Each structure stands twice: as C-alpha cells, then as structure tokens.
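Trainee: Before anything else, here's the structure in question.
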Amino acid sequence: MPGKRGRRRSPGHRSRTARAELSFSVSHMERLLWEGHYAQRLSSSAPVYLVAIIQYLAARVLELARHEAQNSSRRRLTPELVDVAARSNTLLSDLFRTIAPSPRWPWPSPSCPTTPGFPAPGGRGRQAPGPFTDRPHSPGGPGLHAALGTVTASQ
981 MPGKRGRRRS PGHRSRTARA ELSFSVSHME RLLWEGHYAQ RLSSSAPVYL VAIIQYLAAR
1041 VLELARHEAQ NSSRRRLTPE LVDVAARSNT LLSDLFRTIA PSPRWPWPSP SCPTTPGFPA
1101 PGGRGRQAPG PFTDRPHSPG GPGLHAALGT VTASQ
C-alpha cells in the first residue's frame, strides 16, 4: 500500500521521551553517548537523566534571558541576551566558563573601566588587543586552549 511505510507499532507504544515527559530526544542522547565511547556499558536510565538535566539548564537559561529582555525593555531574545543571562548567574557562569568560553568573556567590570580589549568610558576604539586575539590560533577558536588553561605544543 502506498503511503504506509515504516515500522508499525503497537497502539500503546510510547517513546522514552514521551514516557519521561521531556522535550529533548532521549534516543538521540543515547546515540551520542554510544558514539562518544564515554563508557563500556551504559545504563538505560543514563540518557534519560542526562536529557532531563540538559532540558532543565536550557529552561533556566531561557528564563533568565527573558528577565534580562524585560529589564532592558526588549521584546525579542537575542544570543547576546542569552549570553548575558548565563554569565550574570554565578552558578551558570562557573559552569559555562569551564565548558565554552565566550569570545566576549571577561565582561568589562564597572569597577575596572580600563579592562584590556574594551573601550574606556567616553573613549573610542579598543585600547589593547582583546583577551583572545593575542593568543595562537587553535582548532576550537583563537586562544581556546590558553583560556581553558591547557598546555599546547606551541607554549
């Protein structure tokens, strides 16, 4: 019969994502865990737990970004607002600092207006090379290894 392709499932079948009432795909996370060779054995609940954590973190960051947008009287969420929201929360800032440093990190501090790489108040242009521009290029981005504190062959 045309139009009836694919596997047929029993009427009561529900995916693991639906059973766990999650939005992110549990099967996709399980495939990523298998392909990443993170462990020789993988519990059936590990991808469900990991997806639940990732979904919670995403919801939390978006909630903080919504508050940032309301405080700055904006109607749309932008990547900059999401970045500001994640960096303004101390716990999330620590988490994201170790995972993926932002090219705009560190933010200029109000107590230190002459942070290298940022214009002084009332001044124009950049004062010095940015925090990541004076580092050697790496595959993950300029200065990624230096920002993470790892040793590279060029050091």
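Note that my numbering has the sequence shown beginning at 981, numbered continuously upward.
Here a beta-carbon is modelled for each residue, glycine too, at the ideal position from N, C-alpha and C.
Computed from a prediction, not measured in an experiment: that's the story for all the values here.
Is DSSP giving residue 1017 helix, strand or coil here?
Mentor: Three-state DSSP puts residue 1017 in coil, outside helix and strand.
Trainee: Name the residue from 1073, 997, 1001, 1017 whose alpha carbon lies nearest to the alpha carbon of residue 1008.
Mentor: Here the closest residue by C-alpha is 997.
Trainee: Please state if the CB of residue 1010 and the CB of residue 1027 are separated by a distance shorter than 8 Å.
Mentor: Result yes, Cβ atoms of residue 1027 and residue 1010 sit closer than 8 Å.
Trainee: Among 1000, 1044, 1059, which residue has its Cα nearest to the Cα of residue 1024?
Mentor: With distances taken between Cα atoms, residue 1024 lies closest to 1000.
Trainee: Taking three-plus beta-carbon pairs below 8 Å as touching, is the region 1065–1072 in contact with the region 1033–1050?
Mentor: Because the criterion of three Cβ pairs below 8 Å is met, the region 1065–1072 and the region 1033–1050 touch.
Trainee: Would you mind working out which of 1068, 1064, 1045, 1004 sits nearest residue 958, comparing C-alpha positions?
Mentor: For residue 958 there is no data in the structure shown, the boundaries of the chain being 981 and 1135.
Trainee: What are the boundary residues of the alpha helix (DSSP H) that includes residue 1059?
Mentor: Note, residue 1059: alpha helix (DSSP H), 1059–1068.
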